[in-house]
Amino acid sequence: MAANRVDTGACRNPSLNIRPDLARAATAITGPSADDELVGPRGAWWWTGKPPAECPGFDKQAGVLRSLPLPNTRKFSRQSVLDYFDNVWTMTEVLFASLQTTDAFIRQPYHQLRHPMMFYYGHPAVLYINKFRVAGLLEDGINQYFEQLFETGVDEMSWDDLSRGRDDWPPVREVHAYRQKAYQVVRGVILNHPALDKGEVGWNDPAWAIFMGFEHERIHVETSSVLIRELPLTSVRKPEFWPDYHPSSRNPSAPVPTEGVDYPVNAMVSVQGEKVVLGKDIAYPSFGWDNEYGRKEINVQSFRATKFKVTNGEFLRFVKAGGYMNPKYWSAEGWGWKTFRNVKWPTFWMPDGPQGLHRYKLRVLFDAVDMRWDWPVDANYHEARAFAAWRTEQDRSAVRYRLITEAEHNLIRNTRDRVDAHLHAPADHPGAEPGRPAAANERVSPDPAVELGGDNALAAGFNIQLAHGSQNPVTELPPSEKGFHDTFGSAWEWGEDHYAAFPGFKVHPYYEDFSVPCFAGKHQLILGGSFISTGQLASKFARYQFRPHFFQHATFRLVVPDVDLSLYDCERYGPHNPVTPFTETSCMDSAPPHMGDGPCCSVARRAAFTPTLAEGAASTKAKLEAAQVAYESDAVISQYLSLHYGPLNRVFPPEFTSAGGLLAEALDFPAKLAQALTAAAERAGALSADAGAASGSGRALDLGCAVGRSSFELARRFGEVVGVDISKTFIEVAAKIRDNGRMDYECALEGEITERLTAALPAGDQPIDSSRCRFIQGDACHLPASLGQFDAVLAANLLCRVPEPAACIAQIRSALRPGGVALLTSPFSWLEQYTDRSNWLGGRYKDGLPHRSSDALKALLAPDFEVLEEGSMPLVIREHARKYQLIVAHKLVLRRK
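In the UniProt record's numbering, the protein residues as written are 1 to 897.
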């Protein structure tokens with residue numbers, strides 16, 4: 001076997017290889033050797049089943065093999081089942097005949113996220129044997145070692161979850177010999193096993209595993225073709241019997257394309273919203289994977305979508321505009337992938353000159369051709385979303401563009417091609433049958449994959465079933481009745497939906513790990529199939545998924561929902577900050593345990609979407625109520641009393657009180673806040689230097705005063721102090737300490753055990769005149785105007801515990817007189833329990849980069865405040881005798897301009 005050679009001409013990202021070798025001299029890689037039988041056209045030895053020219057689906061006129069239609073599981077014969085098997089079995093071998101030398105079989109993919117091609121040469125054959133045994137169709141296997149080695153593929157967790165691979169793959173001839181034996185076994189089951197004696201095969205029948213094997217192999221025809229497209233050109237050649245690329249691939253191409261000439265203007269078409277019912281009926285007479293079944297109703301809102309899939313010509317504008325260089329268009333995960341791979345243009349664009357010239361060829365399956373500007377661009381989900389963000393900005397849209405959803409995709413199709421076509425068929429449909437549900441009737445709800453093969457798909461308007469060996473110009477085939485082109489075929493469309501189970505989903509026992517491992521909010525749906533989608537992949541019921549960094553002959557079209565912008569805060573949102581309206585996706589509210597953890601997985605959880613004014617008000621009210629409840633418990637009150645009043649020598653162990661450094665600085669936090677604000681106010685001239693502490697001067701506001709310690713400390717110097725807190729109990733406790741000078745409380749030791757301590761007004765050189773303090777229950781985001789203005793404002797660890805931090809800042813500005821001083825601290829512990837994600841001051845990714853809360857806060861404050869000091873203030877909170885929270889809060893001392 002040839003050594004596992006590393007191609008020195010390839011790099012981590014093949015799109016950066018600016019010298020694509022278009023030669024076909026595969027022998028230049030290895031020279032004459034025993035590998036010669038894997039160079040050039042394959043000999044007759046290669047075919048372990050029927051040779052292509054004798055195979056069902058062979059197009060004699062073109063001399064190529066195309067796909068047969070998806071079998072009808074109510075109307076079949078053993079011969080028709082065998083024909084379908086021979087069609088896909090030989091199709092696999094035609095595809096793998098493209099691989100030149102053993103090196104092409106064992107070369108690790110450049111991204112190291114999948115197995116070498118050798119695995120996919122053996123894997124489909126092994127799955128037939130293994131699943132036939134699971135279903136009871138076979139008693140024994142063929143080769144136990146192979147049936148373990150080739151059993152399980154790879155689903156990487158992330159774009160940097162690299163595989164080390166293996167260097168001990170068996171020789172091609174050994175895997176070829178296994179395929180010969182497997183072919184005979186499968187053929188024997190089809191011709192002889194009584195499981196196919198039934199006139200109809202369904203979900204619960206052992207023969208379901210036969211059809212499962214067919215469709216699994218067709219999946220790997222398509223996925224293997226992508227891996228082949230990623231191999232160096234010297235490792236592949238277009239095999240005999242493979243369908244030709246679209247004829248336009250042979251045409252010359254303009255190096256600098258013109259919109260409207262070299263690629264079409266991609267206008268948006270309006271679609272009226274309506275209800276869509278997703279899910280395939282369990283009795284529908286064709287094979288389906290378990291994720292297709294169940295029922296999900298979605299009320300789709302009106303929207304507009306591009307009539308064409310986004311073309312290479314359109315995408316070139318994004319590339320030239322520096323879209324790959326600007327993180328603001330990318331999600332955090334997408335930017336991480338882009339920088340890790342150093343991507344600068346789509347993966348199948350091959351530079352035809354120096355970087356910056358933007359001359360490209362297009363890598364098709366086995367060749368490089370002149371760039372086809374009017375073909376759909378191959379992109380992953382990250383690239384598609386970045387393009388959508390860029391186009392939103394270019395068009396100055398007040399509503400953010402996005403990709404299509406599964407339900408919306410059904411609405412751009414012809415009505416007969418919808419998953420719920422049976423709901424729109426007339427009651428007297430000529431295909432209706434008494435006693436047979438319309439949803440299970442292929443005449444009432446026809447499926448293009450069952451009706452069409454590669455020989456007649458184009459006549460029906462779809463480039464599926466290997467009608468072509470490539471994508472096609474987006475304008476070539478007729479539009480749907482709604483005005484959209486290529487709703488099926490040419491290239492998959494990325495969807496906004498995560499891959500998730502419909503209500504009623506159940507795992508099929510023959511393939512328990514087909515769908516369930518991917519129900520985790522990490523995989524995006526792809527919709528509509530591609531040119532190489534055959535059999536069930538071309539079905540209108542098909543639901544396939546890939547991780548967002550993956551490539552799969554997939555593109556996208558842009559969508560923008562119809563929105564009444566008057567429902568939103570027009571000062572906050574617009575072209576400068578586009579609205580992201582709520583959109584229901586098929587992944588929302590899946591039944592546990594088949595529910596992902598992504599931000600769009602529940603109708604109720606809308607953190608990823610812009611709230612309307614009414615939704616924002618309701619959310620603010622709910623969060624205020626939640627905050628009130630959170631601070632009403634005895635345990636929380638005890639924690640705050642111990643934080644504010646100690647006594648330190650009882651609340652904290654000697655190791656804390658005698659220590660230096662951070663722990664010592666963290667003790668007596670409320671008093672240190674008051675001292676810091678008082679000192680800053682004196683330095684800034686906000687307090688009269690003539691007035692002494694005894695008489696007091698100036699007014700201070702303590703926002704989020706809790707149980708009042710900082711307020712009392714401020715009263716040592718200020719003539720009036722107002723403490724405000726949302727918690728009714730906190731205010732009552734603070735007032736009680738003011739009036740009585742003390743209050744007993746239970747301090748937790750462990751479990752139910754407590755000790756009784758006393759919270760008392762602190763002593764000091766200057767006694768506290770508590771009568772200077774008043775406490776009121778109130779919302780820091782909406783203060784009563786009657787409070788007037790203050791010389792100093794304290795807001796300690798408040799901003800990340802209010803529903804609207806920006807509104808809280810506005811209240812501080814209004815409450816503080818010009819020249820007044822404010823002290824703001826916060827650990828920036830953002831939680832949706834208290835603050836909607838859309839209202840966080842930082843703590844998120846913005847424009848693809850981390851947006852830190854301290855920077856966001858200073859930017860918000862800049863127009864009205866001067867920063868006098870910035871730093872940190874530590875504090876320690878006791879939960880019980882052996883558990884403490886150490887917090888290091890960000891500190892800003894400000895003066896109002």
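Ideal Cβ placement from N, Cα and C applies to all residues, glycine included.
Quick caveat: nothing in here was measured; it's all calculated off a predicted structure.
Item: Leaving aside the five residues before and after residue 508 along the sequence, list all residues of the same chain whose C-beta is less than 6 Å from its C-beta, in chain order.; Value: 290
Item: DSSP puts residue 747 in a beta bridge; with which residues?; Value: 755
Item: Kindly list the residues whose CB is nearer than 7 Å to the CB of residue 770, restricted to its own chain and excluding five residues on each side of it in sequence; keep chain order.; Value: 712, 715, 738, 761
Item: From the DSSP secondary-structure annotation, give me the bridge partner or partners of residue 73.; Value: Residue 73 pairs with nothing; no bridge assigned.
Item: Nearest by alpha-carbon distance to residue 239: which of 585, 460, 589, 46 is it?; Value: 46
Item: From the DSSP output, read off the bridge partner residues of residue 877.; Value: 885
Item: Can you list the alpha helix (DSSP H) stretches of 4 or more residues lying completely in the region 406 to 489, in chain order?; Value: 406 to 412, 448 to 451
Item: Is residue 749 closer than 8 Å to residue 881 when the C-beta atoms are compared?; Value: yes
Item: Identify which residue in 543, 485, 877, 455 has its Cα closest to the Cα of residue 419.; Value: 543
Item: Tell me where the beta strand (DSSP E) around residue 851 begins and ends.; Value: 849 to 851
Item: Use the C-beta contact count for residue 118: other C-beta atoms within 10 angstroms, 16 or more gives buried, fewer gives exposed.; Value: buried
Item: For residue 570, is the classification buried or exposed, using 16 other Cβ atoms within 10 angstroms of its Cβ as the cut-off for buried?; Value: exposed
Item: Between residue 660 and residue 827, what straight-line distance do the alpha-carbon atoms span, to the nearest angstrom?; Value: 22 Å
Item: Which same chain residues end up closer than 7 Å to residue 52 when comparing Cβ atoms and leaving out the 5 residues on each side of it in sequence?; Value: 58, 65, 90, 94, 241
Item: Just the Cα atoms here: how many angstroms apart are residue 24 and residue 102?; Value: Only weak support exists for where residue 24 lies, its pLDDT of 38 falling under 50; the value from the coordinates is given anyway. Their backbone Cα atoms lie some 16 Å apart in a straight line.
Item: Would you tell me roughly how many angstroms separate the C-alpha atoms of residue 890 and residue 825, rounded to the nearest one?; Value: 5 Å
Item: Taking the DSSP output, what are the residues bridged to residue 218?; Value: Answer is none; residue 218 lacks a bridge partner.
Item: For residue 568, which of 539, 629, 399, 413 has the nearest alpha-carbon?; Value: 399
Item: Between residue 178 and the ligand MG, is there a pair consisting of the residue's CB and a ligand heavy atom that are separated by less than 7 Å?; Value: The model on display carries no ligand, and the ligand MG is accordingly not part of it.
Item: List the endpoints of the continuous alpha helix (DSSP H) containing residue 91.; Value: 78 to 96
Item: Terminal residues of the continuous alpha helix (DSSP H) containing residue 773?; Value: Element bounds for residue 773: not the alpha helix (DSSP H) but the beta strand (DSSP E), 773 to 777.
Item: From the DSSP secondary-structure annotation, give me the bridge partner or partners of residue 890.; Value: 826, 872
Item: What do you get for residue 350, buried or exposed, if any count of 16 or more other CB atoms within 10 angstroms of its CB means buried?; Value: buried
Item: CA-CA distance, residue 149 and residue 441?; Value: 41 Å
Item: Rounded to a whole number of angstroms, what is the C-alpha to C-alpha distance between residue 61 and residue 460?; Value: 20 Å
Item: Alpha carbon to alpha carbon, how far is residue 577 from residue 886? Give it in angstroms, no decimals.; Value: 37 Å
Item: Should the region 439 to 455 be called in touch with the region 493 to 512, which here means at least 3 C-beta pairs below 8 Å?; Value: no
Item: Mind reading off the beta-carbon distance from residue 381 to residue 494? Whole number of angstroms is fine, and I expect it under 8 Å.; Value: 5 Å
Item: For residue 455, which of 292, 446, 468 has the nearest alpha-carbon?; Value: 468
Item: Using a Cβ-Cβ cut-off of 7 Å (strictly less than) and excluding sequence neighbours within five positions of residue 575, which residues of its own chain qualify?; Value: 396, 397, 398
Item: When DSSP builds the beta bridges, which residues end up paired with residue 494?; Value: 526
Item: Between residue 573 and the rest of its own chain, which residues show a CB-CB distance below 8 Å, the 5 nearest in sequence each way excluded?; Value: 398, 565, 579, 610
Item: Which of the three DSSP states, helix, strand or coil, is assigned to residue 770?; Value: helix
Item: Going by DSSP in three states, residue 545 sits in which element: helix, strand or coil?; Value: strand
Item: Identify the continuous alpha helix (DSSP H) that holds residue 189 and give its terminal residues.; Value: 172 to 192
Item: Let me know the secondary structure DSSP gives residue 860 once reduced to three states.; Value: helix
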